[in-house]
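S.K.:
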């Protein structure tokens, strides 16, 4: 029996190829867009192997794909995209440091931030921050940390 130019015994090959193609596309995009259709193709493959008609195979493909999409996508998106994590210099903003070389008005000093020394400035023109003072990093401008003294 020929349907759409495919005999009944080649439909399992079609569904297997479809599932593999959907998995490859998902692997390339990593966007959780086609994996659900791979699941639908696997169920249609099983139906084809059990001798189900083409209409049933296509119906199962769409129904299973839609059920997988709506029932599991939110769960996977939450697990895979846990939010933005600060990296590089963005991770330094808000951290505390200790002044190791006095910061004077319009003259940079040095702070110890974690295990690194950073050139630091204070935007307040009348503020001197003495050595040993605890400061907070409020911004990074180029290679300099902008700091404010912490209230003691």
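In full-length UniProt numbering, the protein residues as written are 1 to 152.
We put the CB at the ideal spot given by N, CA and C, even for glycine.
Note that the coordinates shown come from a computational prediction; the quantities given were computed from them, not determined experimentally.
Give me the DSSP bridge partner(s) of residue 145.
M.R.: According to DSSP, which records beta bridges pairwise, residue 145 is partnered with 120, 140.
S.K.: Report yes or no: do three or more beta-carbon pairs, one from the region 22–38 and one from the region 47–56, lie closer than 8 Å?
M.R.: In short, these stretches do not touch, since the Cβ pair count stays below three.
S.K.: Give me, in chain order, the residues of the same chain whose beta-carbon lies closer than 6 Å to that of residue 110; leave out the 5 immediate sequence neighbours on both sides.
M.R.: Once the five neighbours on either side are set aside, the close Cβ partners of residue 110 are 100, 101, 117.
S.K.: Let's test the definition: count the other Cβ atoms within 10 Å of the Cβ of residue 30 and tell me whether it reaches 16, buried, or not, exposed.
M.R.: Exposed: under 16 other Cβ atoms inside 10 Å.
S.K.: Please work out which residues of its chain come closer than 6 Å, Cβ to Cβ, to residue 38, disregarding the five sequence neighbours upstream and downstream, and give them in chain order.
M.R.: If we look at residue 38 and ignore the five residues flanking it on each side, its Cβ neighbours are 19, 22, 23.
S.K.: Considering only residues of the same chain and omitting the five flanking positions on each side of residue 130, which have a CB-CB separation below 6 Å?
M.R.: Taken in chain order, the residues that qualify are 102.
S.K.: Is the Cβ-Cβ distance between residue 112 and residue 97 less than 7 Å?
M.R.: Taking 7 Å as the Cβ cut-off, residue 112 and residue 97 qualify as a contacting pair.
S.K.: On the DSSP letters alone, give me the boundaries of the beta strand (DSSP E) that residue 93 sits inside.
M.R.: Careful: residue 93 lies outside any beta strand (DSSP E) and carries neither H nor E.
S.K.: Just to confirm the assignment: which complete alpha helix (DSSP H) runs, minimum length 4, are found wholly within the region 1–52?
M.R.: Runs found: 11–29, 35–49.
S.K.: For residue 91, count neighbouring C-beta atoms within 10 Å of its own C-beta (all shown protein chains included) and say buried if the count is 16 or more, exposed if not.
M.R.: Exposed.
S.K.: Would you decide whether residue 48 is buried or exposed? Buried here means 16 or more other CB atoms lie within 10 Å of its CB.
M.R.: Label assigned to residue 48: buried.
S.K.: Applying the 10 Å Cβ sphere with the 16-neighbour rule, what's the burial state of residue 147?
M.R.: Result: buried.
S.K.: Where residue 34 and residue 17 are concerned, what is the direct C-alpha to C-alpha distance, given to the nearest angstrom?
M.R.: Using only the alpha carbons, I get a separation of about 14 Å.
S.K.: Residue 66: which of 115, 137, 150, 40 sits nearest, CA to CA?
M.R.: Of 115, 137, 150, 40, the residue nearest in Cα terms is 40.
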